[in-house]
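Heads up: the structure comes next, in structure tokens.
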Amino acid sequence: MPLQIVHHSDYDAGFAVNHRFPMSKYKLLMEALGARGLTSPAALNVPEPAPASWLKLAHNAGYVDQVLACEVPEKIEREIGFPVGPRVSLRAQLATGGTVLAARLALLDGIACNTAGGSHHARRAQGAGFCTFNDVA
Numbered sequence: 100m101p102l103q104i105v106h107h108s109d110y111d112a113g114f115a116v117n118h119r120f121p122m123s124k125y126k127l128l129m130e131a132l133g134a135r136g137l138t139s140p141a142a143l144n145v146p147e148p149a150p151a152s153w154l155k156l157a158h159n160a161g162y163v164d165q166v167l168a169c170e171v172p173e174k175i176e177r178e179i180g181f182p183v184g185p186r187v188s189l190r191a192q193l194a195t196g197g198t199v200l201a202a203r204l205a206l207l208d209g210i211a212c213n214t215a216g217g218s219h220h221a222r223r224a225q226g227a228g229f230c231t232f233n234d235v236a
């Protein structure tokens with residue numbers, strides 16, 4: 100059985116190549132997996148954005164609303180490491196939805212991966228360390 104991979108092209112929020120957070124790593128990871136024969140169209144899963152109700156299980160409702168509206172205070176954006184605009188907001192929702200999907204696939208198949216999972220630095224009331232939402236929580 101091929102490895103179930105969860106990936107979305109919008110995991111890359113389009114940062115400049117010289118940005119200190121290498122946003123293009125998600126696309127590069129998919130390319131590397133493909134070059135090694137580890138991908139299969141039948142095992143490629145595209146996530147939906149996590150709904151606000153899921154995000155609010157792990158995060159303060161006010162913070163989730165700020166991210167979804169792209170109205171995160173500058174102080175919090177500095178802690179995250181980048182501004183939260185529409186592409187970053189969507190990327191964070193997709194990555195969280197992707198982690199949930201990968202977990203569900205792993206329960207069915209024994210293993211699965213989300214190419215953008217692991218955003219564990221975000222805290223309940225705000226993002227931090229290049230993590231807008233804590234997808235693992």
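Using the numbering used here, the first residue of the sequence shown is number 100, and each one after it goes up by one.
Positions of the beta carbon are idealized from the N, C-alpha and C atoms, including for glycine.
6 Å Cβ shell around residue i - same chain, five flanking residues per side excluded
i    : result
Q165 : V171
G196 : P146, E147, P148 and A149
E296 : Residue 296 lies beyond the residue range present for the chain, which begins at 100 and ends at 236; the question has no answer from this structure.
P101 : S139 and A142
H107 : V145, P146 and L193
T198 : N213, G216 and D234
Nearest-angstrom Cα separation, counted from residue j out to residue i
i    : j    : result
G228 : L207 : 32 Å
Y162 : G217 : 19 Å
A168 : E176 : 14 Å
A194 : L200 : 10 Å
A112 : P185 : 9 Å
V105 : A236 : 18 Å
H219 : H158 : 12 Å
S123 : L156 : 29 Å
A134 : L127 : 10 Å
F181 : A151 : 21 Å
I210 : C230 : 24 Å
Three-state class that DSSP yields for residue i in the structure shown
i    : result
I210 : coil
A194 : helix
L137 : coil
A227 : strand
Contact with chain D by residue i, beta-carbon distance below 8 Å
i    : result
R223 : No chain D is part of this structure, which consists of one protein chain only.
Contact belief for residue i with residue j at Cβ below 8 Å, rounded distance in angstroms
i    : j    : result
F232 : A221 : 5 Å
Limits of the unbroken alpha helix (DSSP H) element including residue i
i    : result
V163 : A160 to A168
R177 : E173 to I179
A151 : A151 to A157
Limits of the beta strand (DSSP E) - the one that residue i falls within
i    : result
V105 : Q103 to V105
Cutoff 7 Å; reference residue i; Cβ partners in own chain excluding five residues on either side
i    : result
S188 : V166, L167 and C169
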